[in-house]
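Chemist: Protein chains in written order, with the numbering used here: chain A, 1 to 129; chain B, 1 to 129. All C-beta atoms, glycine included, are put in the ideal place defined by N, C-alpha and C.
1) For residue 51 of chain B, would you say it is in contact with chain A, using Cβ-to-Cβ distances shorter than 8 angstroms as the test?
2) Once you ignore the five residues that flank residue 125 of chain B on each side, which residues in its own chain have a CB closer than 6 angstroms to its CB?
3) Whose Cβ in chain A lies nearer than 7 angstroms to the Cβ of residue 94 of chain B?
4) Under DSSP, the beta strand (DSSP E) around residue 108 of chain B begins and ends at which residues?
5) Any residues in the segment 60-81 of chain B with a beta carbon nearer than 9 angstroms to a beta carbon of chain A? Which ones, in chain order?
6) Which residue or residues does DSSP assign as beta-bridge partners of residue 27 of chain B?
7) Quick one: is residue 42 of chain B buried, meaning 16 or more other Cβ sit within 10 Å of its Cβ, or exposed?
8) For residue 119 of chain B, go through chain A and note every residue whose CB falls closer than 7 angstroms to its CB, in chain order.
9) In three-state terms, what does DSSP make of residue 54 of chain A?
10) Show which residues of chain A have a CB atom less than 7 angstroms away from the CB atom of residue 29 of chain B.
11) Would you say residue 30 of chain A and residue 40 of chain A are within 8 angstroms of each other, going by their C-beta atoms?
12) Rounded to the nearest angstrom, how far is the Cβ of residue 95 of chain B from that of residue 35 of chain B, given a contact under 8 angstroms?
13) Kindly say whether residue 97 of chain A, judged by its beta-carbon, lies nearer than 8 angstroms to any beta-carbon of chain B.
14) Leaving out five residues before and five after residue 62 of chain B in sequence, what residues of the same chain have Cβ atoms less than 6 angstroms from its Cβ?
15) Residue 106 of chain B touches chain A at which residues, Cβ-Cβ below 7 angstroms?
16) Within its chain, find whatever has a CB closer than 8 angstroms to the CB of residue 59 of chain A; leave out the 5 residues flanking it on each side and keep chain order.
17) Taking residue 57 of chain A as the query, report the chain B residues whose CB atoms sit under 9 angstroms from its CB, ordered along the chain.
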């Protein structure tokens with residue numbers, strides 16, 4: 001875990017201080033603690049943030065299902081929260097996680113498996129077996 | 001740069017194939033090529049994507065200024081595009097970059113310098129000098 005260099009501000013964290021969009025959501029980027037891979041991006045609302053911090057199981061808000069989405073609840077591909085970070089504008093989150101199995105629903109380690117190179121799309125990895 | 005494991009799909013990349021939100025924007029996460037740090041998240045529209053790929057200088061759309069934002073144009077803290085990636089749902093981008101100086105307007109290397117630990121906010125790094 002990244003070292004704390006300065007601790008000048010140690011205010012209590014208040015989830016209402018996050019800047020949510022008009023739908024009450026904030027983007028949350030998940031990064032693998034050990035490899036540094038960016039795994040996925042999904043959305044959290046205020047209560048998803050609270051649940052993520054309290055349970056240490058990363059919990060998003062599913063915009064399609066309109067329900068809490070405890071990552072890995074059905075697939076087993078859970079994300080254990082290692083560190084919870086907030087950006088300078090307080091309108092984006094970074095969750096550093098221990099990822100079990102694949103983060104992507106296509107069974108690839110990361111959702112960002114497609115690259116654009118020389119104007120063409122190429123797949124960087126196959127689904128995990 | 002990450003190795004290409006499979007090249008089964010080598011379709012021409014079409015920026016109109018990206019899923020933009022109701023404002024015509026898509027979130028773009030910037031990651032440092034060498035350290036793996038997640039530096040920032042900002043927004044791109046179709047033309048910003050085209051400019052980023054063509055010029056290899058990462059270009060966002062500034063929602064506050066309603067204008068293209070060539071990262072580092074005024075600060076010198078440019079982002080040179082190393083790899084352009086798309087997620088499985090085609091509604092989020094990952095730009096792997098060579099970052100000059102600080103990515104954050106607070107002059108910190110990354111915008112995600114605040115962590116929540118034991119219910120308190122702590123700053124992980126000081127501004128660069």
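Modeler: In terms of the structure at hand:
1) In the second chain, the residue the question calls residue 51 of chain B occupies position 51. With 8 angstroms as the cut-off, residue 51 of chain B does not count as an interface residue toward chain A.
2) Counting from one through the second chain, the residue named residue 125 of chain B turns up at place 125. Correct list, in chain order: 108, 113.
3) As a working mapping, residue 94 of chain B is identified with position 94 in the second chain. For the C-beta of residue 94 of chain B, the chain A residues within less than 7 angstroms are, from N- to C-terminus, 38, 112.
4) Counting from one through the second chain, the residue named residue 108 of chain B turns up at place 108. No beta strand (DSSP E) contains residue 108 of chain B, which DSSP labels as neither H nor E.
5) If the cut-off is 9 angstroms between Cβ atoms, the segment 60-81 of chain B has nothing near chain A.
6) Counting from 1 along the second chain, the entry for residue 27 of chain B is found at position 27. Answer by DSSP bridge pairing, in chain order: B:43.
7) For this step, residue 42 of chain B is matched to residue 42 along the second chain. Residue 42 of chain B is buried by the Cβ-count criterion.
8) Working through the second chain from its first residue, we reach residue 119 of chain B at position 119. By Cβ distance, chain A contributes 12, 13.
9) Here residue 54 of chain A refers to the residue found at position 54 of the first chain. Looking at residue 54 of chain A - three-state DSSP - the assignment turns out to be helix.
10) For this step, residue 29 of chain B is matched to residue 29 along the second chain. Those are 29, 38, 41, listed as they occur along chain A.
11) Taking the first chain and counting its residues from 1, the one referred to as residue 30 of chain A is at position 30. Taking the first chain and counting its residues from 1, the one referred to as residue 40 of chain A is at position 40. Their beta carbons are under 8 angstroms apart, which means residue 30 of chain A touches residue 40 of chain A by this criterion.
12) The count along the second chain starts at 1 and reaches residue 95 of chain B at position 95. The count along the second chain starts at 1 and reaches residue 35 of chain B at position 35. Their Cβ separation, rounded to whole angstroms, is 15 angstroms, which puts residue 95 of chain B and residue 35 of chain B out of contact at 8 angstroms.
13) As a first step, residue 97 of chain A is located in the first chain; it is residue number 97 there, counting from the start. Answer no: the Cβ-Cβ gap between residue 97 of chain A and chain B never drops below 8 angstroms.
14) Counted from its first residue, the second chain places residue 62 of chain B at position 62. Around residue 62 of chain B: 69.
15) Position 106 of the second chain holds residue 106 of chain B. Near residue 106 of chain B (Cβ distances below 7 angstroms), the residues of chain A are 88.
16) On the first chain, residue 59 of chain A is found 59 positions in, with the first residue counted as 1. Correct list, in chain order: 44, 48, 51, 52, 68, 69, 70, 71.
17) As a position in the first chain, residue 57 of chain A is number 57, starting the count at 1. Within 9 angstroms Cβ-Cβ: nothing; residue 57 of chain A doesn't reach chain B, min ~15 angstroms.
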